[in-house]
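For reference, the structure discussed in these notes is given below.
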Amino acid sequence: MKTIVITGAGKGIGFELTKQLCSKNKVYAVCRKASDELKNLSCEVIEGIDITEESSIARLQKELKGISIDLLLNNAGIAIWKEEPNLKENILKQIEVNAIAPLMVTRALENNLSEGSVVIMMSSRMASISDNTSGKSYGYRASKTALNSLTKTLTFELDPKGIITCLMHPGSVSTEMNPRGQIKTKECVEKLIKRIENVKKQDSGKFLRFDEGEIAW
Ligand SMILES: NC(=O)c1ccc[n+]([C@@H]2O[C@H](COP(=O)([O-])OP(=O)(O)OC[C@H]3O[C@@H](n4cnc5c(N)ncnc54)[C@H](OP(=O)(O)O)[C@@H]3O)[C@@H](O)[C@H]2O)c1
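Mapping of the sequence shown onto the UniProt record's numbering: residues 1 to 217, in sequence order.
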């Protein structure tokens, strides 16, 4: 049985990860507001956590004090597809939630991680600069690219402690964020879990696909 912390556990991929992982593991489901569906799962719900707020992160740190985390899934994220007319504000908001917040959460929980722990940052193929063939979504793309960069830098802190840190593209998944997603959360998460279970030391700092292979920066 592993101890797993999942952010953004209230819906979408985070909820499905919680659902599939909680039967065999101790899962701390971190969310802003827990639905009845989440409360009915056999997980420990940590509610009222906005990952962009310092006070929330401090409370999360307190709630998890002394608990060894085997797997930290930084899954929470936002996409503001309609960025205009407040383009600057919307780019900054996405960078705050998608890039800076997962770094702050991970650093706050660094003492809970040790040799063999795995940190997954939920990135996106849209982070890839070389794969950007269609433009649009300035903020979402830039925020996930920034997440990739911050995470790569973080690996220089965590690798020496034997902590494996990977960036993951979950596929195009049908959720509130991506109603036109091509795969169902159940299928995505089944593959994602297999992929995460198989990550090795040499995968640290890599940008991985949920099924197989890597994504070019
Ligand atoms: N779906 C896709 O096709 C796809 C593709 C590539 C990458 N991703 C990434 O996968 C992750 C999950 O996406 P999803 O499709 O499952 O999206 P989703 O259904 O919109 O769920 C996003 C989750 O993040 C939480 N969240 C957002 N802002 C937060 C904040 N400030 N503090 C705490 N929690 C916050 C939401 O909480 P609330 O319920 O409180 O709003 C929600 O639980 C995201 O990082 C996303 O960028 C998704």
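Yeah, the Cβ is synthetic: ideal placement off N, Cα and C, and Gly gets one too.
Cβ of Thr165 within 9 Å of Cβ of Val118? Contact flag set, yes.
Measuring from the CB of Arg107, is there a heavy atom of ligand 1 at a distance below 8 Å? Not so, every heavy atom of ligand 1 lies at least 8 Å from the Cβ.
How about the stretch 154-172 and the stretch 200-216: do they share at least three Cβ pairs that are nearer than 8 Å? Contact between the stretch 154-172 and the stretch 200-216 is present, because at least three Cβ pairs lie under 8 Å.
Burial state of Thr133 (16 or more Cβ within 10 Å): Its Cβ having fewer than 16 others within 10 Å, Thr133 is exposed.
Check whether the Cβ of Asn98 sits closer than 8 Å to any heavy atom of ligand 1, and report yes or no. Taking non-hydrogen atoms of ligand 1 into account, the C-beta of Asn98 is found less than 8 Å away from one of them.
Going residue by residue through the stretch 93-175, where are the continuous beta strand (DSSP E) segments of at least 3 residues, counting only ones entirely within it? Within the stretch 93-175, the complete beta strand (DSSP E) runs of at least 3 residues are 118-122, 164-169.
For chain C, check one thing: does any of its Cβ atoms lie closer than 9 Å to the Cβ of Arg32? Given the protein chain composition of this structure (a single chain), no chain C is represented.
Presumed contact (8 Å Cβ cut-off) between Val189 and Gln20, rounded CB distance: Indeed they touch by this definition, with Cβ atoms about 5 Å apart.
Inter-residue Cα distance where the pair is Ser130 and Gly139: A straight line joining the alpha-carbon of Ser130 with that of Gly139 spans about 17 Å.
With Leu208 as the anchor, note down where its beta strand (DSSP E) starts and where it stops. Looking at the DSSP string, the run of the beta strand (DSSP E) that includes Leu208 is 207-209.
Just reading off the alpha helix (DSSP H) that Glu197 is part of, what are its end residues? Segment 185-197, the alpha helix (DSSP H) holding Glu197.
Tell me the DSSP secondary structure of Lys65 in three-state form. Lys65 falls in the coil class under three-state DSSP.
So the candidates are Leu113, Pro179, Lys136, Met177; which of them puts its Cα closest to the Cα of Asp159? The alpha carbon of Asp159 has as its nearest neighbour, out of Leu113, Pro179, Lys136, Met177, the alpha carbon of Leu113.
Lys26 bridges to which residues according to DSSP? The partner list for Lys26 (beta bridge, DSSP) reads Thr3.
Just mark Leu87 as buried or exposed, buried being the case when its beta carbon has 16 or more other beta carbons within 10 Å. The residue in question, Leu87, is exposed, as its Cβ has fewer than 16 Cβ neighbours within 10 Å.
Nearest by alpha-carbon distance to Lys191: which of Thr3, Ile4, Gly116, Glu16 is it? Ranked by how close their Cα comes to the Cα of Lys191, the residues Thr3, Ile4, Gly116, Glu16 have Glu16 in first place.
Give a single yes or no on whether Gly10 has its beta carbon closer than 8 Å to a heavy atom of ligand 1. Yes, since a heavy atom of ligand 1 falls inside the 8 Å radius drawn around the Cβ of Gly10.
Where does Ile67 land, buried or exposed, given buried means 16+ other C-beta within 10 angstroms? With fewer than 16 other Cβ atoms within 10 Å, it is exposed.
Tell me whether Ser128 is buried or exposed, calling it buried when 16 or more other Cβ atoms sit within 10 Å of its Cβ. Buried, since its Cβ has 16 or more Cβ neighbours within 10 Å.
Anyone know if the C-beta pair for Ile13 and Pro179 falls short of 9 Å? Annotated as distal: Ile13 and Pro179, with beta-carbon spacing of 9 Å or more.
Own chain, CB closer than 8 Å to Thr185, minus 5 neighbours either side, in chain order: Correct list, in chain order: Gly12, Ile13, Phe15, Glu16, Val173, Ser174, Thr175.
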